[in-house]
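**Q** Okay, handing you the structure first.
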Ligand code: HEC
Ligand code: HEC
């Protein structure tokens, strides 16, 4: 008794888990799923060049971080010359944010070539989720982590903000970080170049321009990544950074109840508990696929309503057809929208029809069509319409399975799952 109750709880939990988890389905087509992470991989060597990396956590010239009279020691990293006492601390405001003016005021005594005025030469923000290095280590983050972070961290949001940054720091002529990184001068004034030449003689010398790619190539690769995401950053976090694949798990159950007799039908696909139909998203948002499932049938009762000889080799074709307008083609222009959850529903229909019946079988039954007991006439097709308004992984939707038999009750459930 107790075991049965537990069993039921487990089954209902399976269907209700996802709403709180908010693990949205990534709205990219199958080809975009492949192309986007591959495009970001090509950008990765740029983020790891010292010219970009050093400002984003690779080096640390500071010895402490202070807030009011509180002070925390920092580990210096890299070959940077010592800063004067009083200029060698990161200064935080009472609310914990960096005080740019106080922290970076002194940098300009050496880093003042080009457009850099006092306070404009500064390190990327210190928050761990805004650096290219793992917090406090100077070691590069994994490609996937960096990719996820680039989608959300920019001061100018969205893919437009990112492209703007990769074009000309979004028009920031007072601190042209990108341009300076590519020419490799570190905006050092003349007096400092000797020191730099000496310090960096084993690290490529000075100046040390970026050589892994040109600025034009860096911009093109950035545009390729954005184009492979249909022009916008999407949720979940890993969307566009890691390849995803999804499938529908189709669960169908029916019961025919007549006086003295009960007949069950349900799916238990091969190898998996239920048939899994892959969601093969096309670039235009459409998808379709099908699978063959072998339903389980059983009957119990006292009436000899069903008498079968031979094998019951009944097979049902499960066909899925649908669209998801959130999937947009690669030509879409960049937007300033932060990574957004899906906006439109995934809509599809599931059609169940008889695929094959064992020819050797012969049954006498009032439900011949449903049981696939005849090799001459197939059962009727049943089509069910499904709508997932805010598609999330593990979400399930159930619809009734009406059939023209008195005493019949059935239900078809579709669940979106992530598959390798
Ligand atoms: C006394 C001169 C001097 C001051 C002041 C100074 N720097 Fe530097 N900085 C250098 C030199 C020289 C280099 C070249 C690297 C080396 O010599 O190790 C450098 C390199 C750097 C780099 C590495 C850039 C790259 O492309 O690899 C960063 C980042 C940096 N400094 C940040 C700062 C910050 C932030 C400040 C202010 C808090 C600052 N520096 C103040 C002299 C200075
Ligand atoms: C002198 C230091 C410095 C150098 C060199 C530098 N950056 Fe930055 N970078 C920053 C700062 C500071 C920010 C934060 C800007 C902001 O959010 O206002 C930033 C922000 C970014 C962002 C997020 C911006 C956004 O709005 O999406 C990216 C991406 C980035 N940098 C890439 C690079 C690349 C690639 C290079 C090398 C070609 C590079 N940076 C070199 C200091 C630097």
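Numbering (the numbering used here), first residue to last: -16 to 403.
Just so you know, even glycine gets a beta-carbon here, dropped at the ideal spot from N, CA and C.
The model shown is predicted, which means the values in this text are computed figures rather than measured ones.
#1: Decide yes or no for the touch test of the stretch 38 to 49 against the stretch 257 to 271: beta carbon pairs closer than 8 Å, at least 3 of them.
#2: Just curious, the alpha helix (DSSP H) that residue 132 is in, first and last residue?
#3: Whole angstroms are fine: how far does the CA of residue 399 sit from the CA of residue 228?
#4: Identify which residue in 328, 236, 203 and 369 has its Cα closest to the Cα of residue 391.
#5: Whose C-beta lies closer than 7 Å to the C-beta of residue 156 among residues of the same chain, with five residues either side of it excluded?
#6: Looking at C-alpha atoms only, which residue of 335, 112, 402 and 86 is the closest neighbour of residue 276?
#7: Thinking C-alpha only, which one of 222, 26 and 129 is nearest residue 7?
#8: Three Cβ pairs or more, each shorter than 8 Å: is that satisfied between the stretch 148 to 168 and the stretch 95 to 110?
#9: I need the DSSP call for residue 247, collapsed to helix, strand or coil.
#10: Between the stretch 198 to 206 and the stretch 125 to 135, can you find at least three pairs of beta-carbon atoms closer than 8 Å?
#11: Where residue 22 and residue 14 are concerned, what is the direct C-alpha to C-alpha distance, given to the nearest angstrom?
#12: Kindly indicate which three-state DSSP category residue 209 falls into: helix, strand or coil?
#13: Cutting at 8 Å between CB atoms, please list the residues of its own chain near residue 205, excluding the five before and the five after it.
#14: Do residue 141 and residue 312 have their C-beta atoms within less than 8 Å of each other?
#15: Pick out whichever of 58, 225, 167 and 96 has its Cα sitting closest to the Cα of residue 36.
#16: Could you say which of 246, 234 and 245 lies nearest to residue 274 if we only look at CA atoms?
#17: Any residues whose CB sits closer than 6 Å to a heavy atom of ligand 1? List them in chain order?
#18: Since residue 113 sits in a beta bridge, which residues does DSSP pair it with?
#19: Start and end of the beta strand (DSSP E) containing residue 105?
#20: Straight-line CA distance for residue 191 to residue 174?
#21: Per DSSP, what are the beta-bridge partners of residue 228 in this structure?
#22: So that I know if they touch, is there some Cβ in chain C lying closer than 8 Å to that of residue 121?
#23: Is any heavy atom of ligand 2 found at a distance shorter than 7 Å from the C-beta of residue 139?
#24: Measuring from the CB of residue 191, is there a heavy atom of ligand 2 at a distance below 7 Å?
#25: Determine the burial state of residue 383: buried for a count of at least 16 other Cβ atoms within 10 Å of its Cβ, exposed for fewer.
#26: Give the secondary structure of residue 35 by DSSP, where H, G and I count as helix, E and B as strand, and everything else as coil.
#27: Return yes when the C-beta of residue 108 is under 7 Å from any heavy atom of ligand 2, and no when it is not.
#28: Can you tell me which of the three DSSP states residue 153 falls into?
#29: Answer yes or no: do residue 66 and residue 212 have a C-beta to C-beta separation smaller than 8 Å?
#30: In the structure shown, what three-state DSSP assignment does residue 175 receive?
#31: Report the partner residues of residue 54 according to the DSSP bridge assignment.
#32: Between residue 142 and ligand 4, is there a pair consisting of the residue's CB and a ligand heavy atom that are separated by less than 7 Å?
#33: Under 6 Å Cβ to Cβ from residue 232, same chain only, skipping five residues before and after it: list those, please.
#34: Please state whether the Cβ-Cβ distance between residue 333 and residue 371 is less than 8 Å.
#35: On the DSSP bridge assignment, give the partners of residue 67 in chain order.
#36: Whole angstroms are fine: how far does the CA of residue 85 sit from the CA of residue 54?
**A** Checking against the coordinates, here is how it stands:
#1: no
#2: Working through the chain shown from its first residue, we reach residue 132 at position 149. 126 to 136 is the span of the alpha helix (DSSP H), which, as asked, contains residue 132.
#3: For the purposes of this step, residue 228 is taken as residue 245 along the chain shown, with counting starting at 1. For the purposes of this step, residue 399 is taken as residue 416 along the chain shown, with counting starting at 1. Their backbone Cα atoms lie some 10 Å apart in a straight line.
#4: Residue 391 sits at position 408 when you count from the first residue of the chain shown. Considering only alpha carbons, the answer is 236.
#5: The residue given as residue 156 occupies position 173 in the chain shown. Closer than 7 Å at the Cβ level, and outside the excluded window around residue 156, lie 98.
#6: Position 293 of the chain shown holds residue 276. Comparing Cα positions, the closest option is 335.
#7: Mapped onto the chain shown, residue 7 falls at position 24. Per the Cα distances, 222.
#8: yes
#9: Stepping through the chain shown from its first residue, residue 247 is reached at position 264. Here residue 247 sits in strand by DSSP.
#10: no
#11: Position 39 of the chain shown, counted from the first residue, corresponds to residue 22. Position 31 of the chain shown, counted from the first residue, corresponds to residue 14. Going from the Cα of residue 22 to the Cα of residue 14 covers about 12 Å.
#12: Along the chain shown, one-based indexing puts residue 209 at 226. If DSSP states are grouped into helix, strand and coil, residue 209 belongs with the helices.
#13: Your numbering for residue 205 matches position 222 in the chain shown. Same-chain partners within the cutoff: 26, 145, 146 and 149.
#14: Here residue 141 corresponds to residue number 158 of the chain shown, with the count starting at 1. Here residue 312 corresponds to residue number 329 of the chain shown, with the count starting at 1. It is not a contact, given that the beta carbons lie outside the stated cut-off.
#15: Taking the first residue of the chain shown as 1, we reach residue 36 at position 53. Answer by Cα proximity: 167.
#16: Numbered from 1 along the chain shown, position 291 holds the residue referred to as residue 274. Among 246, 234 and 245, the Cα nearest to that of residue 274 is on 234.
#17: 33, 34, 37, 38, 42, 44, 62, 63, 64, 66, 87, 89, 90, 92, 93, 94, 105, 106, 169, 171, 175, 178, 179, 182 and 183
#18: Taking the chain shown and counting its residues from 1, one reaches residue 113 at position 130. Note: residue 113 sits in no beta bridge, so no partner.
#19: Locating residue 105 in the chain shown gives position 122, where the first residue counts as 1. Element bounds for residue 105: n/a, residue is neither H nor E.
#20: As a first step, residue 191 is located in the chain shown; it is residue number 208 there, counting from the start. As a first step, residue 174 is located in the chain shown; it is residue number 191 there, counting from the start. For residue 191 and residue 174, the distance between alpha carbons rounds to 17 Å.
#21: Taking the first residue of the chain shown as position 1, residue 228 is located at position 245. Residue 228 is bridged to 402.
#22: Of the protein chains in this structure there is only one, and it is not chain C.
#23: The residue given as residue 139 occupies position 156 in the chain shown. Because some heavy atom of ligand 2 lies under 7 Å away, the Cβ of residue 139 counts as near it: yes.
#24: Residue 191 sits at position 208 when you count from the first residue of the chain shown. Every heavy atom of ligand 2 is 7 Å or more from the Cβ of residue 191, so no.
#25: In the chain shown, the residue the question calls residue 383 occupies position 400. When all chains shown are included, residue 383 counts as exposed.
#26: The residue given as residue 35 occupies position 52 in the chain shown. The answer is helix: DSSP assigns residue 35 an H, G or I state.
#27: Locating residue 108 in the chain shown gives position 125, counting from the first residue. Yes; taking the cut-off as 7 Å, the Cβ of residue 108 has a heavy atom of ligand 2 nearer than that.
#28: Within the chain shown, numbered from 1, the residue matching residue 153 stands at position 170. Three-state result, residue 153: helix.
#29: If you number the chain shown from 1, residue 66 lands on position 83. If you number the chain shown from 1, residue 212 lands on position 229. Not closer than 8 Å, so no.
#30: Taking the first residue of the chain shown as 1, we reach residue 175 at position 192. If DSSP states are grouped into helix, strand and coil, residue 175 belongs with the helices.
#31: Stepping through the chain shown from its first residue, residue 54 is reached at position 71. 49.
#32: Ligand 4 is absent from the structure shown, which contains only ligand 1 and ligand 2.
#33: Here residue 232 refers to the residue found at position 249 of the chain shown. Once the five neighbours on either side are set aside, the close Cβ partners of residue 232 are 257, 259, 398 and 400.
#34: For the purposes of this step, residue 333 is taken as residue 350 along the chain shown, with counting starting at 1. For the purposes of this step, residue 371 is taken as residue 388 along the chain shown, with counting starting at 1. Not closer than 8 Å, so no.
#35: For the purposes of this step, residue 67 is taken as residue 84 along the chain shown, with counting starting at 1. In the DSSP output, where bridge partners are listed per residue, residue 67 has none listed.
#36: Numbered from 1 along the chain shown, position 71 holds the residue referred to as residue 54. Numbered from 1 along the chain shown, position 102 holds the residue referred to as residue 85. If I take the Cα positions, the gap works out to 15 Å.
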